[in-house]
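Chemist: Please see the structure below; I have some questions.
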C-alpha cells in the first residue's frame, strides 16, 4: 500500500484526463487527499461549497476545482466541470490497481470441463465448476467458488470468498467484494397443512457489465425467470436482492437495503441505506429513496421519497410515541371538537 | 442448467403427485412457467385470482388450477386443492437437483477422527474437524468449514463457504446456503470500569430437520443453554438469530430480520422482511409480523402485527414528520381546546 | 464440547478472581448455569433483581451475588461488586478456549514474503499474502484470506472464512468471527452523465486491540484516510461500517446496525440492534442509541436517544398510520379550531 509510485505532473494528468490547467505544468503529485490533510505532494479537490473555507490553508501542491470556483484561489489548479468525477479519475491514475499474475494457482480446483482464459487469474483454493467460463483477464480470488455453467466476464474481479452459484452470469469489468453470494435460492415456499414445501428456484441471477457489489451482499437466483442486475449498477455491502428482482442500469444502492421478490427498480435510481422495497412493485427511473425508508407501493413519478424518523432524546421520543399510539383517537377528538364549535358558532350568529 | 431433461406427461405427474387430470393424459411438459411466459412444453399455474385474465392467452401445454377454477378454462389442466403446493411439487419433479458425486475431494481436509458417511460428498477445500459427523448422502460444499464435534444430518446440503462452529448440530434434509454461519459466539459482554469483558458462549446452535437457511444468515450459539431452530423452519438471507433464541417449528422468516437474544418465537409464525424482534420476549404460535416491524413486547394472541411507515414524497413526509415531532404538544393543545370549548358550552346553555 | 474438565473449588475461584466467599471453600463446580437450570455441579448467578425469586429453588452448588444481595440466601456464594463481570470471568475459567496447534497447515497457502510467527496457527486452506504479518499465538482459521501487507496482532483469532483485505491491520487479542470482511472498498462513486465512476478507496481499515466482531459483519477501508475501530470495541453480527468511520474505544454495537461514511462515534457508546447512523455526523462519548433508531444529526450530549415504533395489532396500526398520513392537516385543523374558538371567547366575554 505504501510503495512509492512515480509522481504525475499536472501537465501529464490534464493530458490524460482533460480539464483546464491553471498554474505551472511541471508540479508533481503522488496522491489525492482532502484539503485539510493534503501535503506538498498531494493533489486535493474542492467538490462543494462546504469546504471552501479550507482552500486557503491547504498545503496541497494543487487543487481540482469546479468551473465556478476557477478563480477562488491563486494555487495551481485543474478546473473541471465535474470536479468529483475528475478526482475519481485522477485518483485511479495515481493509485493503479496492483496487477495480479495470470494463471491458475496450484491449490485451485478447476474442473476439466471449465474454460479459463489464459490471461485470467484463479487464486489459491478457488474452485471452478464444470463448464464454467472465466473471461480474459478476470481475477477469481482466493477461496471463491464458481459453480457449474456459471460465467465470469472479462476484466471482472471476484475478491476472496465470493460464491457464484451454478448457471449465473457476471458481465465484464465487474467487481464483487468478499462474501458476496450470487444466485442462492430465492425464498420460495408453499404452505401445505402447516408445513412448507420448497418451490424450486430454477431461474438464474444475471449481472450486466460494470457492476460493483459490496461485501456480503446477496443476490438470489430467480424462481422461474431470472434475477437481473443491469449494466453499471453499484451496490454497497450487506444488501439483499430477492428472486426475480430487476435493477435498472446505473442505479446506485447504499448498504443494508433489502429488495423483495419481483420488485422492478428503474434506471439511474438512488436508494439510501437501510431502505426496504416491497415485492411485486415498480419503481420508475430516476427515483430517489431516502435512507431507512420503506417503499410499499409502486412509484411512478421521479422524485425524492422518504419515510424515516430521526432519533430524539429518549423522553421526548416516548412522549410523542405515546401520542402516536393514540393518534386515531386524537383525530376523532379534533373532528368532534370542530362539530361542537360549529354548533356554538351557529348559535352565536 | 439448460440441459434437456426428459419430459413428463400429465398422466405421469398426476400418478406421482395426485390431483385431477382434465384433458388428454399424454400431453408432455418439460418445465413450469408463469401463464404469460409459458410455451408449448410448459406446465403453467393459476394460484390466485389476480392472474386469471392471463389464463385465456397462455400458450402453456397445461395449467395447474385450484378446485374453484376447475372449469374456468378449456385447456388441459390439473386440478388441486392447493395449486401453489402442487406447483412446488411438479417443479421439483421437472427440475431434479443435480446429483453430487459421493466421496471426499482430494483437496478437502478431513480430520482423521471425523466420521463421514460413505454416501456423503465433501467438496474441494472443505474442512471437517475432529469428531464431526457427516450423515448419509449429506453434501458439504466447496470451502465449507465444519468444526470439531459438529454434526450434519443425512441428506443435508451445505452450499459453498458455509461455516458450522464446533459442537453445533444440523438436522436431516436441511439446506444451508453460501455464507451461512452457524454457532458463532453470541454477543455477550459484561461491563467493568468502562471496559467490556467477554462472557464465554458455551451453548450450541441446534437446527432441527428440514430447515432451510438463506445466504449469509447468521445463527449464534447459546451463551449457556442452546440456540434452537426447530423442524421445518425456513429462513431467507441476511437474517441474524442471536444467542438462546428458540424458533418454533415451521415458522418462516423473510430476509434482513433480526431476532435478539433469548427471544422465543412460536410455531408456524410468519415474520416479514426487515422485522426486528427484541430480546427476552415471547411470540406465540401463528403470529404474523409485518415487514419492517419492530416487536418490543411479547405477543400472546395470534394475529397480524404491524409497525411500518410507507414512504411519501419528500415534502409530504417532512411536513408530517415536523408535526410528529410536535405530537405531544398537539395532544395537549387539543385537550386545552376541549376544556375551553366546554367552558363556552356551559355558558351558552 | 462435552469433554469433562476438572472442577474448580470456590476457594480456587476466589483465589484467582477475588470476591468474598461465604460458605464452605471446598465446594466444587464445573460449569456456570442460570438459577433455574443449574445442577449440583454448577455455579449460578444473580445479576439483577428480576430473577431473585429463583434463588430459593435453585439446585446450584453455589451462586455469584452482588453486594446488596449478600445475605439474601443461605447458600454457598461468592459476593462481588459486579456479579455479571464476575460471572464472565468465572465462566472463562471453567470454559478455557480449546488450544489450537501452532504451525502452518500443509494445505494453507502462505506467500514466501509473509511473516508468520512460529507460535501462530494457520488453518487448512487459509491464504496469506505477500508481506502480511501474523503475530505470536495468532490463529488464522480455515479458509481465511489475509491480503498482502495486512497485519494480524498477537493472540488474535480469525475464525473460519474471514477476509482481511490488503494493507489492513488487526490489533492484539482480537476475535473476528466467520464471514467478517475487513477492508473491502467503501462505496465511493462519482456521477458523470448518468454513469458512475469508481472513486478508488486508497485508505485502510485499522482495528485496535481487544476488538471482537460478529459473524458476517463488514468494515470498509477508507476512501482516502483510514477507517478506524479503536481498542476494546465490541460488535455483533451483520453490521456495516462504511469508509472513514471512526468508532471510539470500548463502544458496543448490537447486530444489524449500519454506520454510514465518515461518521465518528464516541467512546463507550452503546448502539442498539438495527440502529442506523447517517454519514458525516458525530456521536459524542457515552451516547446510548436505542434499537431500530435512525440518527441523522450529530449528538453532542450523552444520554439515551430513541426513534422506534413498537408494533401494534394490524388494525390499530393502520388506523394510526392513516392519521399519521394526515398529520400535517390535523395540525392545521387544530390551529384553525383554536382561532375560531378564540373568536367566540372574545365575543362571549
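Chains as they are written, first to last, in the working numbering: chain A, 204 to 552; chain B, 204 to 552; chain C, 204 to 552.
Backbone N, C-alpha and C define an ideal beta-carbon position, used for all residues, glycine too.
Note that the structure is predicted; figures quoted are calculated from it, not measured.
Between the Cα of residue 226(B) and those of 220(B), 237(B), 212(B) and 236(B), spot the shortest distance and give me the residue it belongs to.
Modeler: 212(B)
Chemist: Starting from residue 508(C), find everything on chain F with Cβ-Cβ shorter than 8 Å and list it in chain order.
Modeler: Of the protein chains in the structure, A, B and C, none is chain F.
Chemist: If you follow the alpha helix (DSSP H) that residue 527(C) is in, where does it begin and where does it stop?
Modeler: 517-527
Chemist: CA-CA distance, residue 359(C) and residue 326(C)?
Modeler: 14 Å
Chemist: Using DSSP with H/G/I as helix, E/B as strand and the rest coil, what is residue 257(C)?
Modeler: helix
Chemist: Quick one: Cα of residue 357(B) to Cα of residue 265(C), how far?
Modeler: 41 Å
Chemist: Hey, which unbroken runs of the beta strand (DSSP E) at 3 residues or more fall wholly within the stretch 447-494 of chain B?
Modeler: 490-492
Chemist: Going along chain C in order, which residues have a C-beta closer than 7 Å to the C-beta of residue 520(A)?
Modeler: 509 and 510
Chemist: With a threshold of 8 Å between beta carbons, is residue 204(B) in contact with chain A?
Modeler: Because the pLDDT at residue 204(B) is just 41, under 50, the model does not fix this residue reliably, and the value given afterwards should be weighed accordingly. Chain A contact via Cβ: present.
Chemist: Which of the three DSSP states is assigned to residue 246(A) in this structure?
Modeler: strand
Chemist: For residue 235(C), would you say it is in contact with chain B, using Cβ-to-Cβ distances shorter than 8 Å as the test?
Modeler: yes
Chemist: Determine whether the beta carbon atoms of residue 420(C) and residue 442(C) lie at a separation below 8 Å.
Modeler: yes
Chemist: When DSSP builds the beta bridges, which residues end up paired with residue 318(C)?
Modeler: 336(C)
Chemist: Rounded to the nearest angstrom, what separates residue 528(A) and residue 533(B) at their Cα positions?
Modeler: One alpha carbon belongs to residue 528(A), the other to residue 533(B), and they sit about 13 Å apart.
Chemist: Compare the Cα-Cα distances from residue 487(A) to each of 316(A), 451(A), 478(A) and 516(A) and report the closest residue.
Modeler: 451(A)
Chemist: To the nearest angstrom, report how far apart residue 205(B) and residue 395(A) are at their CA atoms.
Modeler: Only weak support exists for where residue 205(B) lies, its pLDDT of 45 falling under 50; the coordinates are left without a value.
Chemist: DSSP puts residue 401(C) in a beta bridge; with which residues?
Modeler: 392(C)
Chemist: The stretch 354-369 of chain B: which residues have C-beta closer than 7 Å to a C-beta of chain C, in chain order?
Modeler: 364, 366 and 369
Chemist: Measuring only the C-alpha atoms, how far is residue 390(C) from residue 544(A)?
Modeler: 57 Å
Chemist: If distances are taken between C-alpha atoms only, which option among 282(C), 340(C), 495(C) and 521(C) comes closest to residue 216(C)?
Modeler: 282(C)
Chemist: What span of residues does the beta strand (DSSP E) with residue 422(B) cover, start to end?
Modeler: Residues 421-423.
Chemist: Tell me, please, whether the CB atom of residue 421(A) is closer than 8 Å to any CB atom in chain B?
Modeler: yes
Chemist: Does any residue of chain B have a CB that is nearer than 8 Å to the CB of residue 390(C)?
Modeler: no
Chemist: Against chain A, with Cβ distances strictly below 8 Å, would residue 212(C) count as a contact?
Modeler: no
Chemist: For residue 446(B) and chain C, any beta-carbon pair shorter than 8 Å?
Modeler: no
Chemist: Looking at C-alpha atoms only, which residue of 436(B), 252(B) and 331(B) is the closest neighbour of residue 377(B)?
Modeler: 436(B)
Chemist: Over what stretch of residues does the alpha helix (DSSP H) that includes residue 290(A) continue unbroken?
Modeler: 286-297
Chemist: Between the C-alpha atoms of residue 499(A) and residue 422(B), what's the straight-line distance to the nearest angstrom?
Modeler: 29 Å
Chemist: With 8 Å as the C-beta to C-beta threshold (strictly closer), list the residues of the stretch 265-289 of chain A near chain C in chain order.
Modeler: Listed in sequence order: 285, 287 and 288.
Chemist: Any idea if residue 539(C) is buried or exposed, counting beta-carbon neighbours within 10 angstroms, 16 or more meaning buried?
Modeler: exposed
Chemist: What are the partner residues of residue 383(A), as DSSP defines its beta bridges?
Modeler: Partner(s): none; residue 383(A) has no beta bridge.
Chemist: Using only alpha-carbon positions, find the residue among 388(C), 343(C), 307(C) and 339(C) that is nearest to residue 430(C).
Modeler: 388(C)
Chemist: Give, in chain order, every residue of the stretch 435-461 of chain A whose Cβ lies closer than 7 Å to some Cβ of chain C.
Modeler: 435, 437, 439, 440, 441, 453, 455, 457, 458 and 459
Chemist: Give the secondary structure of residue 205(B) by DSSP, where H, G and I count as helix, E and B as strand, and everything else as coil.
Modeler: Interpretation of residue 205(B) is limited by its pLDDT of 45, a score under 50 that renders its predicted location unreliable; no figure is taken from the coordinates.
Chemist: Mapping DSSP to helix, strand and coil, what is residue 240(B)?
Modeler: Correct three-state label for residue 240(B): coil.
Chemist: Under 7 Å between beta-carbons, which chain A residues line up against residue 535(C)? List them in chain order, please.
Modeler: In chain order: nothing, as chain A lies at least about 10 Å away.
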